[in-house]
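S.K.: Chains as they are written, first to last, in my numbering: chain A, 160 to 491; chain B, 160 to 491; chain C, 160 to 491; chain D, 160 to 491.
There are 4 protein chains.
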Amino acid sequence: MIGVAVVGLGRIGRLHAEIFATKVEGAKLVAVCDVVKGVVEEVGSKLGVKPYTDYGELLRDRAVDAVVICTPTFLHAEMIVRAAEEGKHVLCEKPLAVTTEEAERALKSVEKSGVKLQVGYMRRFDQAYSGAKKAIEEGRIGRPLVFISIARDPGPPPGWAADPRKSGGIFLDMLSHDFDMARWLMSSEVRRVYATGGAYLYEELREKGDLDVVNVCLEFESGALGLIHGSRKSAFGYDLRTEVMGSEGTLYVGSHHDPNLAVGTRAGVTYSGVSWFMGRFYDAYVREDEEFVKSIAEDREPLVTGLDGRRAIEIAEAAWRSVREGRPVSLV
Amino acid sequence: MIGVAVVGLGRIGRLHAEIFATKVEGAKLVAVCDVVKGVVEEVGSKLGVKPYTDYGELLRDRAVDAVVICTPTFLHAEMIVRAAEEGKHVLCEKPLAVTTEEAERALKSVEKSGVKLQVGYMRRFDQAYSGAKKAIEEGRIGRPLVFISIARDPGPPPGWAADPRKSGGIFLDMLSHDFDMARWLMSSEVRRVYATGGAYLYEELREKGDLDVVNVCLEFESGALGLIHGSRKSAFGYDLRTEVMGSEGTLYVGSHHDPNLAVGTRAGVTYSGVSWFMGRFYDAYVREDEEFVKSIAEDREPLVTGLDGRRAIEIAEAAWRSVREGRPVSLV
Amino acid sequence: MIGVAVVGLGRIGRLHAEIFATKVEGAKLVAVCDVVKGVVEEVGSKLGVKPYTDYGELLRDRAVDAVVICTPTFLHAEMIVRAAEEGKHVLCEKPLAVTTEEAERALKSVEKSGVKLQVGYMRRFDQAYSGAKKAIEEGRIGRPLVFISIARDPGPPPGWAADPRKSGGIFLDMLSHDFDMARWLMSSEVRRVYATGGAYLYEELREKGDLDVVNVCLEFESGALGLIHGSRKSAFGYDLRTEVMGSEGTLYVGSHHDPNLAVGTRAGVTYSGVSWFMGRFYDAYVREDEEFVKSIAEDREPLVTGLDGRRAIEIAEAAWRSVREGRPVSLV
Amino acid sequence: MIGVAVVGLGRIGRLHAEIFATKVEGAKLVAVCDVVKGVVEEVGSKLGVKPYTDYGELLRDRAVDAVVICTPTFLHAEMIVRAAEEGKHVLCEKPLAVTTEEAERALKSVEKSGVKLQVGYMRRFDQAYSGAKKAIEEGRIGRPLVFISIARDPGPPPGWAADPRKSGGIFLDMLSHDFDMARWLMSSEVRRVYATGGAYLYEELREKGDLDVVNVCLEFESGALGLIHGSRKSAFGYDLRTEVMGSEGTLYVGSHHDPNLAVGTRAGVTYSGVSWFMGRFYDAYVREDEEFVKSIAEDREPLVTGLDGRRAIEIAEAAWRSVREGRPVSLV
């Protein structure tokens, strides 16, 4: 039985805590940690586990075998390093860190200590995205030639995530999911990035130097091509769709509306949008947590490695450079 | 804090147990009960609550304020009576009982003791179905004239539910969900039922006297009309769609496929089916459990009452009579 | 080269005239006929063919090998008889006649003269409906068990068709399309009909004794079951959907919205409805006309025979009787 | 009554000929022209109009007021010049010419003679695309920020169109439709183009210097952004989808499958693809031809002008340069 602690009890942290408390075989939620005392006590009491406000103390708790880091991005690297030093396995929410330098530090520390590190790109565990991966591997669409992803969040990032120095901005905070999908579904590294974008929608993002609508053109080492569009606004809900065109077919993932209710009136037939990512990817989070526990139990690399986490940061950095310089940027 | 115990730890019982353990404000899972010792111990240990194999003992546990009955239908009435006698509130999985006689006994006992009784027609708490109800009440489709429901399960009912004497057969076990939706969405009682059907698919159902494909024609007291089709088989997944046509518009609930993955090849564009009801209605179960706790806390009738449970049984009984006699049957 | 004349230049008549003028190999539009002089002259001049206001004269024109009868239903039988007597082949718009008696007269006359008679159930030539037929014949859904059709016109029937004595009312004028599809897709005759309905929407229909919303329960000789719902109103457009459930799969034909434009705003994602049947079935009309010409050229029975036309009337008559008597009605 | 002649009787030419023969008020098809004698005689006889094999002769026919040019692209400019010199109005199939130089020559000649020139970007007349335009103009999606178009033809271009010197290659022959939509829907000129692409699928295209899969990144003068993806192959049918995201909503045009038939079996729910553009855009062609005739009758600029035709060529040329030079290219 692997003892798991969740650190950072925002909505994602709570979700992981609930999942480990009830659904993951071979694991047991043993502690939760947050700097806000009221929050950690409420969650701890509801789930019947120890509440910590101090990360250092938590790391010294012998019942804790693994930590799930759900704090703001700019804190990830340091917290991974400390966990690794205490011999705790780490499931780190995406992205791995704000910069490749920070990521490198975290990866070295993990390598040195020998703990497992999994990065939280949960789409890999979603039935639709993993079904697409499987279909590609089975050859159902032939040779994959084009990756397209359209990602629109219903609204701007909250709090710290609106500051690109803390979150990495739209290319890292939001689109690194799509960069990870691009690498994974196309089975190829990205070799060249061209990006355009603007801050059209939110004054706060513009002031802090972030963008809210962007387009990214990718070239893969395999010769395949990619297009990614991201927006921090979608008027009616979460709009995430990905497709992979191959020489013999095309995969379509995602839908811009929820099919479950349509109201037909003189105005036409109106569907609701998709509620944000937590409803859409709930099952994926469960499978992600199960995979993490299995990788520990079976002593093997998790499906989403630290290197995957680092690659996503590299692409995001190249996208930022391309926007600034108005030209395509090659990755080394 | 209301102490809740879940009785009967099949898939639905486990689901309720997990939800009460993690998600419902104002309530706390305090015990689980099942006749199979291994099951109750496993679930009790995972969720950190007391395991009971004896229902009587559970009812005497003072930490238990309310029970969630998830046992086979033919046991419901008796278990409700016993819970009511011990002053425990009851959330009873649907249907309320196998016959109106049994239901009447349970309702009387509940009335006498003054406990709350909620029946588990969880579709009422689904965002799509409750959105449809809201749209009707707001007048968006004018006067509701026609209710249509098409319900196909991916496979035959398991174990005891294949015996119509224990489950009430297809009209009760399966279509009472649709009868409940019909009454609720149309805001009118059913006054006449004509049903046809056959046992085309499963030898076991035929032998036990159940049907596997049925059609039901309804007339409502309001003058509106209804059609319900049910099948115990759907080759590619759970196929549940309901529509309400009104004088000014039509509501459509449900979809025969999951929109999230399509594979386009020479054969066409192929979607997956919808996984069975637990994925489709997970959020509805959470809201159902929240409503139950709120009705206790606020000391008021729950949204799905014992009478609602009884009405669904009456319609199912009329449908059975109609099939046997080959003619429309009026409800008194 | 078969010389074709179109009789009755309402919207359907004009459509057939245009199709024969441009698209049908082996045929040539040679004349058009309508009692309204202005209409027949305009269409004749546009298409460069002879205009007739007198049906008798037209029938004596030696360039005319075949007539396409697009007049009101109550005139069909008599016009077929006259055409047959003059040795002209007939493509008669649906339904064949208002009553089975009239239909019988027409069929006898056709049989006697040996001309071809095709009835205009154009859905049989639609790519989606004929694709469904093909899929059934290939065994893709196993044994067909249930036929369901939901048919909603955007508005009430115009002019003469609002009078059930001239049109046969909703069961014949509108739903005979669905009765024809039921027989054709299920490869079985209907043996028993139960129908309910009301005149909820249009005062004029109520006054003339027609209904505007109806439900029909069918039993087939094969043992299969059917449900048909019809409404003379659909707030946002033509809503026609049919499905056939078999032991191994289900076919879905039609859509309640046009997929080609969606507007996503705060209110949700809104699609337009489907424009009425002529846009939806344009290609089917072309193929229907081609089939008619081929059946003449190849001297064989057309795909939709006079008997098919008669069967649809029988089912409609049974539905009317069922509504009046409140009980299921058997067809002999 | 405007006398119309159609020149070039491939599938598009025949379509225009049929439409002018039957559907366009105020116009009359008077002649058809093609270098292949058998073809022109067959079509002429079917439609009852004069057949020409010589374009010069046709232009001298006094019954001809306007010509519809449906010949290969590389012949357009010269044929427009000759028609203009004879004072004939011109509806020219897209694209206007292969190069901007040629286009310029044609435009000057048209200007000098004062005839009308309309370019055949028929999507502007499609109900879905024109509905999108209308929704934007009504402000339903706020300020338009992003244009995305995904265009996949079912197969490679036939005959002469496979030679980029004759057709302008994929960017002009295929994607100029999307460039036209981009300019029209965004109400802004394109200012910068970055394009990537390859010849992955068809040996013939590679040998002749064309590409078969391309991506294009656009920047508009308004500050808005665009992405266009084109492929000369789509395994299951014509896959054309366009979307415009604005500050308050998103428009979606097109669908990757035909909604009218789905076959649900163990393998999932399979839809057919969309048949190629002629079925999808039939109604648009009718309205395009009507608009052409109206612009002549009302003596005004047509909705798609020669300048629109030229702009599309400029963007295509910039895309070709961008691919060759591996950098973004600005339009003057």
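Even glycine gets a Cβ: it sits at the ideal position worked out from N, Cα and C.
1. With C-beta atoms as the reference, is G375/C less than 9 Å away from V372/B?
2. Judging by CA-CA distance, which residue of K271/A, S204/A, G318/A is the nearest neighbour of T232/A?
3. Could you give the first and the last residue of the continuous beta strand (DSSP E) run that contains F379/A?
4. Who are the Cβ neighbours of V482/B in its own chain at under 8 Å, not counting the five residues just before and after it?
5. Is the beta carbon of V166/A sitting closer than 9 Å to the one on M238/A?
6. Along chain A, which residues have their Cβ under 9 Å away from the Cβ of I151/B?
7. Which residue from N419/C, E216/C, A180/C, V227/C puts its Cα closest to that of S204/C?
8. Taking DSSP as the reference, what is the three-state secondary structure of P210/C?
9. F451/C by DSSP, collapsed to three states: which one?
10. Please classify T464/D: does DSSP put it in a helix, a strand, or coil?
11. Taking the straight line between their C-alpha atoms, what separation do you get for E263/B and L174/B?
12. Using a Cβ cut-off of 9 Å (strictly closer), state whether H416/D contacts chain C.
13. Starting from the beta carbon of T429/C, find every residue of chain B whose beta carbon is closer than 8 Å, and list them in chain order.
14. Taking 8 Å as the threshold, find out whether the segment 388-396 of chain B comes into contact with the segment 417-429 of chain D through three or more Cβ pairs.
15. Give the straight-line distance between the Cα atoms of S346/C and E296/C, rounded to the nearest whole angstrom.
16. When burial is assigned at 16 or more other CB atoms within 10 Å of the CB, is V226/A buried or exposed?
17. Whole angstroms are fine: how far does the CA of A471/C sit from the CA of V352/C?
18. Looking at the C-beta of A310/B, does it have a partner C-beta in chain D at a distance below 9 Å?
19. Do you know offhand how far E460/D's Cα is from L218/D's?
20. Does DSSP put K182/D in a helix, in a strand, or in coil?
21. Spell out a yes or no on whether the segment 328-345 of chain C and the segment 285-295 of chain C are touching, meaning 3 or more CB-CB pairs, one atom from each, closer than 8 Å.
22. Return the first residue and the last residue of the beta strand (DSSP E) that M404/A is part of.
23. My understanding is that A477/D touches V488/D, with C-beta atoms under 8 Å, so please give their C-beta distance in whole angstroms.
24. Please go through the segment 204-250 of chain B and give each complete alpha helix (DSSP H) segment of 4 or more residues, from N-terminal end onward.
25. Let me check understanding here. Comparing Cα to Cα, which of H336/A, G389/A, A321/A lies closest to E362/A?
26. What residues of chain C sit near S393/B, judged by a beta carbon separation below 9 Å?
27. Show which residues of chain C have a CB atom less than 7 Å away from the CB atom of T401/B.
28. Can you pull the chain B neighbours of G413/D, defined as C-beta to C-beta under 8 Å?
29. Can you list, in chain order, the stretches of the alpha helix (DSSP H) that have 4 or more residues and sit fully within the segment 307-393 of chain D?
30. Kindly say whether D371/C, judged by its beta-carbon, lies nearer than 9 Å to any beta-carbon of chain A.
31. Rounded to a whole number of angstroms, what is the C-alpha to C-alpha distance between H415/D and G408/A?
32. Using a Cβ-Cβ cut-off of less than 8 Å, list which residues of the segment 162-183 of chain C approach chain D; keep chain order.
33. Please determine, among G314/C, I161/C, V491/C, the residue with the shortest C-alpha to C-alpha distance to V249/C.
34. Can you tell me whether G438/C is buried or exposed, with buried defined as 16 or more other CB within 10 angstroms of its CB?
35. Whole angstroms are fine: how far does the CA of E201/D sit from the CA of T479/C?
36. Which residue from D337/B, T401/B, E260/B, A421/B puts its Cα closest to that of L420/A?
M.R.: With the structure as the only source:
1. Translated into the one-based positions of the third sequence, residue 375/C becomes position 216. Translated into the one-based positions of the second sequence, residue 372/B becomes position 213. Residue 375/C is actually Val in this sequence, not Gly. No, these two residues do not count as a Cβ contact at 9 Å.
2. Here residue 232/A corresponds to residue number 73 of the first sequence, with the count starting at 1. Here the closest residue by C-alpha is G318/A.
3. In the first sequence, counting from the first residue as 1, residue 379/A sits at position 220. Start and end: 372-379.
4. Here residue 482/B is taken as the residue at index 323 of the second sequence, counted from 1. Taken in chain order, the residues that qualify are A354, T355, G356, L370, V373.
5. Counted from its first residue, the first sequence places residue 166/A at position 7. Counted from its first residue, the first sequence places residue 238/A at position 79. Closer than 9 Å, so yes.
6. Because chain B here runs from 160 to 491, residue 151/B falls outside it and cannot be looked at.
7. Residue numbering aside, residue 204/C sits at position 45 when the third sequence is read from its first letter. Among N419/C, E216/C, A180/C, V227/C, the Cα nearest to that of S204/C is on A180/C.
8. The sequence position of residue 210/C within the third sequence is 51, counting from 1. Residue state, collapsed to three classes: strand.
9. As a position in the third sequence, residue 451/C is number 292, starting the count at 1. In this structure, F451/C counts as helix in the three-state DSSP scheme.
10. Taking the fourth sequence and counting its residues from 1, one reaches residue 464/D at position 305. In the structure shown, T464/D sits in coil (DSSP, three-state: anything other than H, G, I, E or B).
11. As a working note, residue 263/B is residue 104 in the second sequence. As a working note, residue 174/B is residue 15 in the second sequence. Cα-Cα distance, rounded: 28 Å.
12. Counting from 1 along the fourth sequence, the entry for residue 416/D is found at position 257. With 9 Å as the cut-off, H416/D counts as an interface residue toward chain C.
13. On the third sequence, position 270 is the one that residue 429/C refers to. Neighbours of T429/C on chain B: none; closest Cβ ~12 Å, over 8 Å.
14. yes
15. Translated into positions along the third sequence, residue 346/C becomes position 187. Translated into positions along the third sequence, residue 296/C becomes position 137. Going from the Cα of S346/C to the Cα of E296/C covers about 10 Å.
16. Taking the first sequence and counting its residues from 1, the one referred to as residue 226/A is at position 67. The residue in question, V226/A, is buried, as its Cβ has 16 or more Cβ neighbours within 10 Å.
17. As a working mapping, residue 352/C is identified with position 193 in the third sequence. As a working mapping, residue 471/C is identified with position 312 in the third sequence. The alpha-carbon atoms of V352/C and A471/C are separated by roughly 12 Å.
18. Sequence index remark: in the second sequence, residue 310/B carries index 151 (1-based). The Cβ of A310/B sits no closer than 9 Å to any Cβ of chain D.
19. Residue mapping note: residue 460/D aligns to position 301 of the fourth sequence, counting from 1. Residue mapping note: residue 218/D aligns to position 59 of the fourth sequence, counting from 1. Cα-Cα distance, rounded: 22 Å.
20. Walking along the fourth sequence from the start, residue 182/D turns up at place 23. Here K182/D sits in coil by DSSP.
21. yes
22. Counting from one through the first sequence, the residue named residue 404/A turns up at place 245. Element bounds for M404/A: 398-405.
23. Translated into the one-based positions of the fourth sequence, residue 477/D becomes position 318. Translated into the one-based positions of the fourth sequence, residue 488/D becomes position 329. With 8 Å as the limit, A477/D and V488/D qualify as a contact, their Cβ atoms being about 5 Å apart.
24. Entirely contained in the segment 204-250 of chain B, the alpha helix (DSSP H) runs reaching 4 residues are, in chain order, 214-219, 235-244.
25. The residue given as residue 362/A occupies position 203 in the first sequence. Ranking the options by Cα distance to E362/A, first place goes to A321/A.
26. Counting from 1 along the second sequence, the entry for residue 393/B is found at position 234. By Cβ distance, chain C contributes M404, G408, T409.
27. Taking the first residue of the second sequence as 1, we reach residue 401/B at position 242. In chain order: nothing, as chain C lies at least about 12 Å away.
28. For the purposes of this step, residue 413/D is taken as the residue at position 254 of the fourth sequence. The contacting residues do not exist; G413/D stays about 13 Å from chain B at best.
29. Scanning the segment 307-393 of chain D from its first residue to its last, the whole alpha helix (DSSP H) runs of 4-plus residues come out as 323-326, 335-345, 362-367.
30. As a working note, residue 371/C is residue 212 in the third sequence. Output row for D371/C: interface = no.
31. Within the fourth sequence, residue 415/D is the residue found at index 256, counting from 1. Within the first sequence, residue 408/A is the residue found at index 249, counting from 1. Each residue's Cα considered, the two are about 12 Å apart.
32. E177, A180, T181, K182
33. Here residue 249/C is taken as the residue at index 90 of the third sequence, counted from 1. Comparing Cα-Cα distances from V249/C to each of G314/C, I161/C, V491/C, the minimum goes to I161/C.
34. Start at 1 with the first residue of the third sequence, and residue 438/C comes out as number 279. With fewer than 16 Cβ atoms within 10 Å of its Cβ, G438/C is classed as exposed.
35. Walking along the third sequence from the start, residue 479/C turns up at place 320. Walking along the fourth sequence from the start, residue 201/D turns up at place 42. The question names Thr, but residue 479/C in the sequence shown is Trp. Rounded to the nearest angstrom, the two C-alpha atoms are 51 Å apart.
36. Indexing the first sequence from 1 puts residue 420/A at position 261. Nearest option by C-alpha distance: T401/B.
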